[in-house]
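Student:
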Amino acid sequence: MLRSKRSRALILAASVALLATAGAAQMQPLDAGNVMDAVARLKPGQYIWAPDIAPEGPMLVIVNIATQRLVAYRNGVPIGVSTVSTGKPGHRTPLGVFPILQKAKYHRSSKYSNAPMPFMQRLTWYGIALHGGALPGYPASHGCIRLPHDFAPLLFGATELGMTVVIVNQPAELRVAPTPQLTRQAPPGPAVWRPELSPSGPVSIVVSAADRRMVVLRNGVEIGSAPVTFEGVIDRVQAYVLRDVVGSDYRWAKVPLPGQPAAMAYDMPSQAAGRFQGSDPFRRALAAVVGPGTTMVVIPDTLGMNSGGGAPQQMTVIENEPGVAEWLGDEELSGGSPAR
573 MLRSKRSRAL ILAASVALLA TAGAAQMQPL DAGNVMDAVA RLKPGQYIWA PDIAPEGPML
633 VIVNIATQRL VAYRNGVPIG VSTVSTGKPG HRTPLGVFPI LQKAKYHRSS KYSNAPMPFM
693 QRLTWYGIAL HGGALPGYPA SHGCIRLPHD FAPLLFGATE LGMTVVIVNQ PAELRVAPTP
753 QLTRQAPPGP AVWRPELSPS GPVSIVVSAA DRRMVVLRNG VEIGSAPVTF EGVIDRVQAY
813 VLRDVVGSDY RWAKVPLPGQ PAAMAYDMPS QAAGRFQGSD PFRRALAAVV GPGTTMVVIP
873 DTLGMNSGGG APQQMTVIEN EPGVAEWLGD EELSGGSPAR
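573 is the number of the first residue of the sequence shown in my numbering; add one for each residue after it.
(1) Measure the CB-CB distance between residue 619 and residue 654 and report whether it falls below 8 angstroms.
(2) Within its chain, find whatever has a CB closer than 6 angstroms to the CB of residue 660; leave out the 5 residues flanking it on each side and keep chain order.
(3) Closest to residue 631 by CA distance: which of 825, 855, 856 and 795 is it?
(4) Spell out the partners DSSP gives residue 710 in its beta bridges.
(5) Within the same chain, show all residues whose beta-carbon is closer than 6 angstroms to that of residue 856, passing over the 5 residues directly before and after it, in chain order.
(6) Alpha carbon to alpha carbon, what distance is there between residue 669 and residue 723?
(7) Would you report the Cα separation of residue 538 and residue 616, rounded to the nearest angstrom?
(8) Could you compute how far the alpha carbon of residue 789 sits from the alpha carbon of residue 734?
(9) Could you tell me whether the Cβ atoms of residue 701 and residue 716 are closer together than 8 angstroms?
(10) Going by other Cβ atoms of all chains shown within 10 Å of its Cβ, with 16 needed for buried, is residue 783 buried or exposed?
(11) Would you tell me roughly how many angstroms separate the C-alpha atoms of residue 820 and residue 803, rounded to the nearest one?
(12) What are the partner residues of residue 693, as DSSP defines its beta bridges?
(13) Which partner residues of residue 618 appear in the DSSP bridge assignment?
(14) In whole angstroms, give me the CA-to-CA distance for residue 677 and residue 658.
(15) Nearest to residue 858 by alpha carbon, out of 787, 870 and 801?
(16) Would DSSP call residue 680 helix, strand or coil?
(17) Considering only C-alpha positions, which residue in the set 728, 796 and 690 is nearest to residue 862?
(18) In this structure, does DSSP put residue 863 in helix, strand or coil?
(19) Just list the residues that DSSP pairs residue 806 with in beta bridges.
(20) What would DSSP say about residue 664, mapped onto helix, strand or coil?
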């Protein structure tokens with residue numbers, strides 16, 4: 573009961589602060605949809621920034637191509653919302669989970685006529701980044717994620733190298749998802765555990781419903797993966813932040829995503845978080861590296877093969893130096909040789 577009251581108080585504070593800082597948005601009754609309604613009302617180039625509602629904690633950024641919106645979360649609470657402009661036809665912005673690889677206040681493109689890319693935050697080594705730019709109200713970039721010029725330095729100042737950025741293309745309609753019967757069957761393939769590939773840094777977990785596989789990233793480098801089973805149907809992207817660990821109780825907070833029904837951040841019971849089940853050795857290994865600040869992204873999409881029609885979309889797991897992020901084969905979680 574106390575946790576529920578604290579959660580409602582946090583939701584109320586976040587809603588008030590975000591709406592109060594939205595210059596053109598009028599104050600409205602505080603119901604479940606207000607904050608995301610304010611997001612939808614933003615015009616190209618507009619943004620909301622309220623970092624004081626969560627001054628400390630891990631950050632996570634979600635970009636939605638379908639809605640041309642970005643939401644920045646700190647400690648599971650939205651502290652910033654912005655319009656964006658993503659890749660135009662022929663230069664699509666890739667979907668997936670990326671670390672921030674490099675930051676530079678003053679940067680120019682080496683591919684496109686020395687074009688300025690102020691407050692650049694690199695997501696890939698082939699030219700995809702967050703940066704300030706023009707926002708015409710539709711996808712217009714060469715693949716980068718353009719931010720309003722006044723918002724770009726604010727986000728730049730709040731992020732850190734290795735922080736997770738998730739890019740989704742999430743329309744309002746629900747996509748076809750695996751049936752519950754299929755999700756209970758773990759896929760073939762060995763578990764992998766190579767923590768020495770990245771001994772320290774923030775930890776993120778990606779769970780693919782289509783692949784029925786979990787991937788563990790530390791400081792932007794894949795350090796493990798394993799088959800998983802889970803209950804229920806995953807029909808949209810979901811995100812969580814681990815707030816606290818008390819004994820064997822892992823207290824996760826669900827993060828609302830742009831373009832989805834606007835349930836604000838709330839604590840998720842440990843039994844709900846535990847519905848993603850891996851082998852006992854892998855779970856013990858994972859427990860040794862997760863802690864407050866760990867982020868978990870659950871996607872209906874595949875992390876591997878691309879397929880057409882109504883099948884899940886292909887997602888990039890991670891983008892890093894060539895040869896670093898690779899699939900490794902090792903049934904005993906003790907190292908082993910790479911397997912592509």
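Cβ coordinates follow ideal geometry from the N, Cα and C atoms, glycine included.
Tutor: Quick look at the numbers:
(1) Contact flag set, yes.
(2) In the same chain as residue 660, and ignoring 5 residues on each side of it, the C-beta atoms closer than 6 angstroms to its own belong to 711 and 712, in chain order.
(3) Closest option to residue 631, judged by alpha-carbon separation, among 825, 855, 856 and 795: 825.
(4) Beta-bridge annotation (DSSP): residue 710 is not paired with any residue.
(5) Excluding residues up to 5 positions away in sequence, nothing lies with its Cβ nearer than 6 angstroms to the Cβ of residue 856 in the same chain.
(6) Using only the alpha carbons, I get a separation of about 22 angstroms.
(7) Nothing in the structure corresponds to residue 538, since the chain is present only between 573 and 912.
(8) So the two alpha carbons sit approximately 10 angstroms from each other.
(9) Yes, the pair counts as a contact, with Cβ atoms nearer than the cut-off.
(10) Counting the other CB atoms within 10 Å of its CB gives residue 783 a total of 16 or more, which places it among the buried residues.
(11) In this structure, the CA atom of residue 820 is about 21 angstroms from the CA atom of residue 803.
(12) Residue pairing from DSSP places residue 693 in a beta bridge opposite 675 and 702.
(13) For residue 618, which the question treats as bridged, DSSP gives no partner whatsoever.
(14) Approximately 20 angstroms between the Cα atoms of the pair.
(15) Out of 787, 870 and 801, 787 has the C-alpha closest to the C-alpha of residue 858.
(16) Reduced to three states, the DSSP call for residue 680 is strand.
(17) Residue 862 has its Cα closest to that of 796, out of 728, 796 and 690.
(18) Here residue 863 sits in coil by DSSP.
(19) Note: residue 806 sits in no beta bridge, so no partner.
(20) Residue 664: coil per DSSP, three-state reduction.
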